[in-house]
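Chemist: To convert, take the position in the sequence shown, counting from 1, and add 16; that gives my numbering.
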Amino acid sequence: MRRAIVADAHDIWRWRNDETTRAVSRKATAVTWEEHRVWFEQRLANLDSLILIGMADERTVGVVRFDRTVDQTAEVSINLAPDARGQGLGKELLRAGCAFASNDGFAAIFDAEIRSINLSSQRIFEQAGFVRLETQGPWLRYQRSA
Ligand SMILES: CC(C)(COP(=O)(O)OP(=O)(O)OC[C@H]1O[C@@H](n2cnc3c(N)ncnc32)[C@H](O)[C@@H]1OP(=O)(O)O)[C@@H](O)C(=O)NCCC(=O)NCCS
17 MRRAIVADAH DIWRWRNDET TRAVSRKATA VTWEEHRVWF EQRLANLDSL
67 ILIGMADERT VGVVRFDRTV DQTAEVSINL APDARGQGLG KELLRAGCAF
117 ASNDGFAAIF DAEIRSINLS SQRIFEQAGF VRLETQGPWL RYQRSA
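(1) Closer than 6 Å by C-beta to Arg157: which residues in its own chain qualify, once you throw out the five before and the five after it? Chain order, please.
(2) Could you tell me how far apart the beta carbons of Trp49 and Trp31 are, in whole angstroms, since I believe they sit closer than 8 Å?
(3) For Val92, count neighbouring Cβ atoms within 10 angstroms of its own Cβ and tell me buried if that reaches 16, exposed if not.
(4) Using CA coordinates, which residue listed in Asp83, Arg101, His26 is at the minimum distance from Ser137?
(5) Would you say the beta carbon of Ala90 comes nearer than 7 Å to a heavy atom of ligand 1?
(6) Heavy atom of ligand 1 less than 7 Å from the Cβ of Ser132, yes or no?
(7) Taking the beta carbon of Ser118 as the centre, do at least 16 other beta carbons fall within 10 Å, making it buried, or is it exposed?
(8) Following the continuous alpha helix (DSSP H) through Arg42, name the residue where it begins and the one where it ends.
(9) Should Thr85 be counted as a contact of ligand 1 given a C-beta to heavy atom distance under 7 Å?
(10) Look up Arg101 in the DSSP assignment and say whether it is helix, strand or coil.
(11) Can you tell me the Cα-Cα spacing of Asp64 and Thr85, whole angstroms?
(12) Can you give the Cα-Cα distance for Met11 and Leu109, rounded to whole angstroms?
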């Protein structure tokens with residue numbers, strides 16, 4: 017894993033607008049490049065965001081993002097490049113991302129909200145030690161301590 021840089025903006029934008037990703041996101045509509053570019057640069061500069069890129073054989077394969085909500089608590093999201101899905105990389109990235117964020121002192125408690133239809137995501141969060149806390153409509157809330 018490595019920290020995201022400005023040059024990762026395009027990959028993250030493409031992955032975000034993938035149909036499968038949109039179907040499980042809070043905002044299902046596509047994001048324009050201009051909207052994304054502005055948002056991404058703000059996030060990179062924001063000390064309450066940690067954006068990590070997963071690498072495999074020099075290729076970028078996905079992004080894990082942590083948004084700190086309150087002291088030492090961060091919401092986690094993960095999105096793999098569409099051609100990197102279904103190969104077991106999600107759990108590796110999620111574990112490595114949480115280890116990076118806790119070793120870095122960024123957060124000690126990780127929250128995640130996952131759509132009930134998103135079974136592969138639920139599985140990787142459980143494999144990474146997250147526990148399901150509650151259900152809120154179509155969303156399941158998960159948490160893990162570092
Ligand atoms: C969700 C995501 C990160 C999962 O990572 P992945 O590496 O592609 O996950 P996999 O397809 O290898 O599946 C992970 C596990 O779920 C299981 N799984 C996959 N689809 C399943 C299904 N329909 N029902 C039950 N289990 C399923 C797999 O068998 C695997 O289990 P295993 O490790 O015991 O073999 C990735 O697919 C992705 O980026 N999706 C789009 C964005 C997204 O959904 N992000 C999460 C938002 S909360």
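Glycine residues also receive a C-beta, built at the ideal position from the N, C-alpha and C atoms.
Modeler: The structure says:
(1) Indexing the sequence shown from 1 puts residue 157 at position 141. Within the same chain, Arg157 has close Cβ partners Glu129, Leu149, Glu150.
(2) The residue labelled residue 49 in the question sits at position 33 within the sequence shown. The residue labelled residue 31 in the question sits at position 15 within the sequence shown. Rounded, the Cβ-Cβ distance is 13 Å, inconsistent with contact.
(3) Position 76 of the sequence shown, counted from the first residue, corresponds to residue 92. So Val92 counts as buried.
(4) Sequence index remark: in the sequence shown, residue 137 carries index 121 (1-based). Out of Asp83, Arg101, His26, Arg101 has the C-alpha closest to the C-alpha of Ser137.
(5) Within the sequence shown, residue 90 is the residue found at index 74, counting from 1. No, ligand 1 has no heavy atom inside 7 Å of this Cβ.
(6) What you label residue 132 is simply residue 116 of the sequence shown in a count that begins at 1. No.
(7) Taking the first residue of the sequence shown as 1, we reach residue 118 at position 102. Buried, because 16 or more other Cβ atoms sit within 10 Å of the Cβ of Ser118.
(8) Reading the sequence shown from its first residue, position 26 is the one you call residue 42. No alpha helix (DSSP H) holds Arg42; DSSP gives it neither H nor E.
(9) Residue 85 sits at position 69 when you count from the first residue of the sequence shown. Result no, Cβ not under 7 Å from ligand 1.
(10) Taking the first residue of the sequence shown as position 1, residue 101 is located at position 85. In this structure, Arg101 counts as coil in the three-state DSSP scheme.
(11) Looking up residue 64 in the sequence shown gives position 48. Looking up residue 85 in the sequence shown gives position 69. Going by the C-alpha atoms only, they are around 8 Å apart.
(12) The structure shown does not extend to residue 11, since the chain is modelled only from 17 to 162, so the question has no answer here.
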